[in-house]
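Structure first, commentary second.
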Amino acid sequence: MRKDLLDLRSLSKEDIELVLDTADACKQILSRSVRKVPTLRGKVLVNLFYEASTRTRMSFEMAGKCLSADVMSVAVATSSVSKGESIKDTARTVEALGADFVVIRHSSAGVPHLVARTVKAGVINAGDGTHEHPTQGLLDAFTIRERFGSLAGRRVVIVGDIFHSRVARSDIWALTKLGARVAVCGPATLLPPGLDQFGVEVHTDLDEALPGADAVQVLRVQLERQKGGLLPSLQEYSRRYGINRQRLDTLGQEVLLMHPGPANLGVEITEEAAEDPRSVIRDQVRNGVAVRMAVLYLLSGGDDNELAG
Ligand code: CP
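In our numbering, the protein residues as written are 773 to 1081.
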């Protein structure tokens, strides 16, 4: 049994399938009139987000509460971090206050791994720099599997700033392990070298990449991580890599349009496309709660009987 969820690279296909199967059961709990089971009663979950978040932080809060855990979120900006307290000391403090799970997001890759080595509590990576965002990769895989029944043989196009995207990395690990064919597409300056080693197709022309897509994951243009010179003008980016209604219509009616959020509407995706019936962006948000419940449940060592309670 694992203590932590730090990445998807080290998970097997079977590990990922277990999370998705468990998330199916969690989603059933969320459809009930009383969306609460006693599984994690007496356990404490602490959210420690050094970077902004709406979806991930809120859905971990909801996931913990639906499993009856006590949930706390540290307001990092007004915590003793602002007095210079180190990450390790903050983690030890959170654990001393009784945390059984620490959910951490940080701008530097590897910080969740450091915290996992520091505390006995289970540590969940909620996004570390440009490295990974494992629960996003799991909920994206869950969302595609929910529609098609299986990922095997499905073609998923990931478009945008692959270089800076922890979502792209976690998606690639999850989707390829589950048998999907993954294509990535973006400006050459935003495609990291060595992508072919991940077993993905690499494109710089979106209109060449899209045909045959079962799902398209549109990545946010991460203006805060650009060092300059890597991105064409936003207008040019939008013209070459933006998803609009016209591009969506070339893919038929069954395609899934995805975006991990938050979206820059009018840049990487138009509002019209984001609100199209083919968009599953809000399903991704909803599925995030079920997947995070499943992760918490499995890390706590749970079995199916307890979840049914
Ligand atoms: N997808 C995602 O991580 O969104 P938040 O930054 O709102 O958590």
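Beta carbons are placed, not taken as given, at the ideal position from N, Cα and C, and that holds for glycine. Everything numeric in this text was worked out from a predicted model, so none of it was measured.
| Item | Value |
| --- | --- |
| Just tell me which of L820, L802 and R926 has its CA closest to the CA of A985. | R926 |
| Does the segment 1051 to 1059 touch the segment 954 to 970, meaning 3 or more C-beta pairs lie closer than 8 Å? | no |
| Is R1050 helix, strand or coil by DSSP? | coil |
| Would you say the beta carbon of R827 comes nearer than 6 Å to a heavy atom of the ligand CP? | yes |
| For the segment 793 to 846, which segments carrying the beta strand (DSSP E) assignment without a break, of at least 3 residues, lie completely within its bounds, in sequence order? | 816 to 821 and 842 to 846 |
| For the putative contact between D861 and V816, defined by C-beta atoms under 8 Å, what is the C-beta separation to the nearest angstrom? | Wrong, their Cβ atoms sit about 19 Å apart, outside the cutoff. |
| From V809 to D793, what does the alpha carbon distance come to, in whole angstroms? | 18 Å |
| Comparing alpha-carbon positions, which option in T811, R877 and R804 lies nearest E823? | R877 |
| In whole angstroms, what separates the C-alpha of P906 from that of S1072? | 17 Å |
| With the cut-off set at 7 Å, would you say L982 and S937 are in Cβ contact? | no |
| State the CB to CB distance for the pair I930 and L963, rounded to an integer number of angstroms; the pair is presumed to be in contact (CB under 8 Å). | At roughly 11 Å, the Cβ-Cβ gap does not stay under 8 Å, so I930 and L963 are not in contact. |
| Do G1014 and the ligand CP come close, with the Cβ less than 6 Å from some heavy atom? | no |
| Can we count G921 as close to the ligand CP, meaning its CB is less than 6 Å from some heavy atom? | no |
| At the level of alpha carbons, what is the spacing between A913 and P1034? | 18 Å |
| Compute the minimum distance between the beta carbon of G1033 and the heavy atoms of the ligand CP, and state whether it is under 6 Å. | yes |
| Do you know whose CA, among F970, I1015, G1001 and R829, lies nearest D979's CA? | I1015 |
| Go through the segment 997 to 1074 residue by residue and report every complete run of the beta strand (DSSP E) that reaches 3 residues or more, in order. | 1028 to 1030 |
| Taking H903 as the reference, give the member of R1050, T828, A847 and S879 with the closest Cα. | S879 |
| At 4 residues or longer, what runs of the alpha helix (DSSP H) sit wholly inside the segment 906 to 955? | 906 to 920 and 938 to 949 |
| With three or more C-beta pairs closer than 8 Å as the rule, is the segment 1021 to 1034 touching the segment 963 to 972? | no |
| Is it the case that the Cβ atoms of V791 and V874 are separated by a distance below 7 Å? | no |
| DSSP state of H878, grouped into three classes? | strand |
| Assign P1049 to buried or exposed, taking buried as 16 or more other Cβ atoms, counted over all protein chains shown, within 10 Å of its Cβ. | exposed |
| Taking 7 Å as the threshold (C-beta atoms), are S858 and G1097 in contact? | Past the edges of the chain, shown from 773 to 1081, lies residue 1097, and the structure says nothing about it. |
| Check whether chain C comes within 7 Å of T890, counting only Cβ atoms and requiring the distance to be less than that. | Of the protein chains in the structure, only one exists, and it is not chain C. |
| Given L923, which residues of its chain have a CB within under 8 Å of its CB, disregarding the five upstream and five downstream residues? | A913, I916, R917, L947, L950, G951 and A952 |
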